[in-house]
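Working notes for the structure below.
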Amino acid sequence: MLGMLIDVKPRIASEEVRELLEYAVHGDEEELSQAVKQYAADSNCKLLAYEEEEQYIGIIGYRSGDNGVLELLHLAVHPEDRGMGYGRGIILDAMVLERPAVVLAETDEDSADFFRSIGFQVTGFTKYPGGPEYFRCTYETEENEEDFM
1 MLGMLIDVKP RIASEEVREL LEYAVHGDEE ELSQAVKQYA ADSNCKLLAY EEEEQYIGII
61 GYRSGDNGVL ELLHLAVHPE DRGMGYGRGI ILDAMVLERP AVVLAETDED SADFFRSIGF
121 QVTGFTKYPG GPEYFRCTYE TEENEEDFM
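Okay, structure coming up:
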């Protein structure tokens, strides 16, 4: 049975949705609280879960504007289901829904490897001198449509 993305923003307080969102923020309670507030307050932010056989496998949160940019805010796949292509599939499904010209993500080194492996251009940067390195991941859908799919 094929899964599908469903809007879980109205159910953000549910244990199942919060658990997946918690994976996306690496268990940081403060970041989780900020994410919940952001999705509740910003109508341009969407929160979708990938559901398969009545189970949430993964979650994607993003902001989509009129400028053709889809900004990934959160992405997580349940630990038991990692390494099976769900993360890539969830991003692809969101791209089909939104039809962005560009997909952007800002992430840490571990996640940068995932984005690089699915065709994103990855550039390292620091937010402030002496701070940790972050990675800007960019995917231009027009140029790479065949590669990703």
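The opening residue of the sequence shown carries number 1 in full-length UniProt numbering; numbering runs sequentially from there.
Every residue gets a Cβ at the ideal spot worked out from N, C-alpha and C, and that includes glycine.
Here the structure is a predicted model, which is why all the values come from computation and not from measurement.
Just to confirm my understanding: we take residue i, look at its own chain, exclude 5 residues before and 5 after, and list those with CB closer than 8 Å. What are they?
| i | result |
| --- | --- |
| residue 18 | 12, 32 and 36 |
| residue 127 | 134 |
Going by beta carbon distance, what residues of the same chain come within less than 6 Å of residue i, once the five residues before and after it are set aside?
| i | result |
| --- | --- |
| residue 93 | 5 |
Hey, how far is the Cα of residue i from the Cα of residue j?
| i | j | result |
| --- | --- | --- |
| residue 91 | residue 42 | 20 Å |
| residue 59 | residue 130 | 32 Å |
| residue 100 | residue 77 | 22 Å |
| residue 64 | residue 75 | 15 Å |
| residue 102 | residue 68 | 6 Å |
| residue 3 | residue 116 | 25 Å |
| residue 83 | residue 50 | 15 Å |
| residue 14 | residue 112 | 29 Å |
Within the UniProt domain "N-acetyltransferase" (4-140), ranges of the beta strand (DSSP E) (whole runs, at least 3 residues): With a minimum length of 3 residues, the unbroken runs of beta strand (DSSP E) contained wholly in the UniProt domain "N-acetyltransferase" (4-140) fall at 4-7, 45-52, 55-64, 69-77, 102-107, 121-126 and 133-140.
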